[in-house]
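First up is the structure itself, then whatever we jot down about it.
In this note's numbering, the protein residues as written are -1 to 647.
Put into structure tokens, the structure is as follows:
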């Protein structure tokens, strides 16, 4: 059901688009939520009515134009209604990562000067209340889920249902008419990989123009189905769910819980899907586990038809010429392997799939495309309202992120840093003019901080974060993220942090994948009681050593990275964790923090030791802090010469 998009010059804010959809697409599904195992649906007229009632209550509580409304919780229709209600009154929503600890949340709420907070449940309310004395601008907290809230008596606390009943529409239509495209639509805080998070100020014009670029490019339709499962504080969810849904009129669905996302994905069968590489890594791990547990005949079928898919799948997907024999075999594979596998993954109806946020391992990327899944890479930033580059359907490459998106200009500095200019370029960093001027030039070019190369066809290849790219002592290129993503193709490996700048060779710290390795251990009756115990098993270290050696052999064939083979590694005794400060809430490394915390381990890797006793801080699931100590074996991997000959490190 393709139709003309509304005129964004006339309907230049999301509340105006909401009213347009309620009039012209009233009966079409707008948002869905799985509650107690049943999908509930709101059409566009329902969406408008819910927003109007909530906005009336928020205005009655004193919300004013320009004030900030923080929104914290899992993806829930009522939280999206709150975002829309705030925008309709001229207020500015500020989504907060729902898994942020209280101190992290405090920084964003205080820096943004949030006057209102709409929280999902008691857990989020408790985090806010623990920091209330540090939040002078905060006047009102609205909570959605009343469970556990009966004994809370603070006068500034209000149940969502009570707020809905507080007033009429409060001149809602007039408030919407006051909005214009140049107004601030949202403030999204960066993940803070290198320091304090920055508040990215985006206007309606930024978001709508970029949403339209993506919608036109992919020919998005009213009947698209989207799963809104990524954090509301991430620009990917905001643009590809909320913004494009308002523009195109398609529906987005909220999962029952973060834990049920894989099941809900299978049940929903989205047609338009966005996920960071970690999600696809996890899906591949699930495939590997299923195949390891399958009957021998199924394993043989899988291996045979995956070889066919590797030869022909991507070419068939992109409409290239494929021999008759491979084409017929691929059709058989669709019946016996690819089709059932896509059904299990929830990707059988997928028309457009994106991955971004981090580089995806080329082997992982090719695996999904070989199944006939139209997975593409895009490159974007919060500061760009997502879209900087997008791969076209007929020219998808595993080693690049595509040419510039329509309306986007791209260039490199002499040092190789990627710069772009586009309609989506952010207005400013909130209350941080110094960072704004450092990032955005006076003529609108944005410094990405990423090192890249633009090939003769105009495709951008991201090498790494510019500040992370280094050189070995020999002068060989050292690009840690490239190495880490390539090694993470192995389902048994969850995380990798590499070291090598100005060193004689490359070393690594590795996290195993608890699910994949645990399944392997259970099938072999290898006992373990915790991640720490499993990660220390000699049999597990042997597996990881084999993966690293294979990785080195494949790296030796690449002249640019042959000198970056991993010679020594350790498997950590704990998972790298955002609660421990090692990752951001978007699961990116805080490298400087990791280097400082694990300095003794790094010294041991380069000092020739055979093991190290390492004590590190840890945050337990119940919020308590403590330490965990492990006696970690240091393994030497085998490296390969340029000709493929393998030698000891």
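Each residue gets a CB set at the ideal place from its N, CA and C atoms; glycine is no exception.
- Beta-bridge partners of residue 225 (DSSP): 251.
- A straight line joining the alpha-carbon of residue 473 with that of residue 564 spans about 16 Å.
- By the CB criterion at 8 Å, residue 332 and residue 269 fall outside the cutoff.
- Looking from the CA of residue 489, the closest CA among 170, 82, 278 belongs to 278.
- For residue 516, the enclosing alpha helix (DSSP H) covers residues 512 to 521.
- Residue pairing by DSSP places residue 120 opposite no residue, since no beta bridge is assigned to it.
- In this structure, 486 is the residue among 486, 493, 389 with its C-alpha nearest to the C-alpha of residue 362.
- Residue pairing from DSSP places residue 418 in a beta bridge opposite 408, 444.
- For residue 470, the three-state secondary structure derived from DSSP is coil.
- Assignment of beta-bridge partners to residue 375 by DSSP yields 353.
- Counting along the chain, the unbroken beta strand (DSSP E) around residue 462 starts and ends at 458 to 463.
- Residue 84 places its beta carbon less than 8 Å from that of residue 67.
- Going by DSSP, residue 529 is part of the alpha helix (DSSP H) stretching over 529 to 533.
- Residue environment analysis places residue 611 among the exposed positions, since fewer than 16 neighbouring C-beta atoms fall within 10 angstroms of its C-beta.
- Going by DSSP, residue 57 is part of the alpha helix (DSSP H) stretching over 42 to 58.
- For residue 336, no beta strand (DSSP E) segment is defined, and its DSSP state is neither H nor E.
- Leaving aside the five residues that flank residue 511 on each side, the residues in its chain whose CB is nearer than 8 Å to its CB run, in chain order, 283, 489, 490, 491, 492.
- According to the DSSP assignment, residue 597 belongs to the alpha helix (DSSP H) that extends over 597 to 605.
- Less than 8 Å divides the Cβ of residue 19 from the Cβ of residue 244.
- Look at residue 147 here: in three-state DSSP terms it is coil, with no helix or strand label.
- Separation of the CB atoms of residue 357 and residue 480 is rounded to 7 Å, and the pair is thereby assigned contact status at 8 Å.
- Within a 10 Å sphere around the beta-carbon of residue 121 sit fewer than 16 other beta-carbons, which makes this residue exposed.
- In the three-state scheme derived from DSSP, where H, G and I count as helix and E and B as strand, residue 198 is classed as strand.
- If you draw a straight line from the Cα of residue 459 to the Cα of residue 345, it comes to about 27 Å.
- Ranked by Cα distance from residue 289, the options 620, 636, 596, 521 are led by 521.
- Sixteen is the threshold: since fewer than 16 other Cβ atoms of the shown chains lie within 10 Å of the Cβ of residue 25, the residue is exposed.
- The stretch 326 to 343 makes no contact with the stretch 161 to 168, as fewer than three CB pairs between them are under 8 Å.
- DSSP places residue 155 in no alpha helix (DSSP H) but in the uninterrupted beta strand (DSSP E) bounded by 155 to 157.
- CA-CA distance, residue 469 to residue 499, rounds to 5 Å.
- Under a 10 Å Cβ-count criterion, residue 465 is classified as exposed, with fewer than 16 other Cβ atoms of the shown protein chains found around its own Cβ.
- Approximately 6 Å separates the beta-carbon atoms of residue 40 and residue 75; this is inside 8 Å, confirming the contact.
- Going by C-alpha positions, residue 495 is about 45 Å away from residue 16.
- A residue is called buried when at least 16 other Cβ atoms come within 10 angstroms of its Cβ; residue 638 meets this threshold and is buried.
- In terms of Cα proximity to residue 519, the closest of 539, 337, 260 is 539.
- Judged by DSSP secondary structure, residue 183 falls within the beta strand (DSSP E) whose first and last residues are 182 to 187.
- Its Cα nearest to that of residue 140, the residue 81 stands out among 81, 175, 100, 106.
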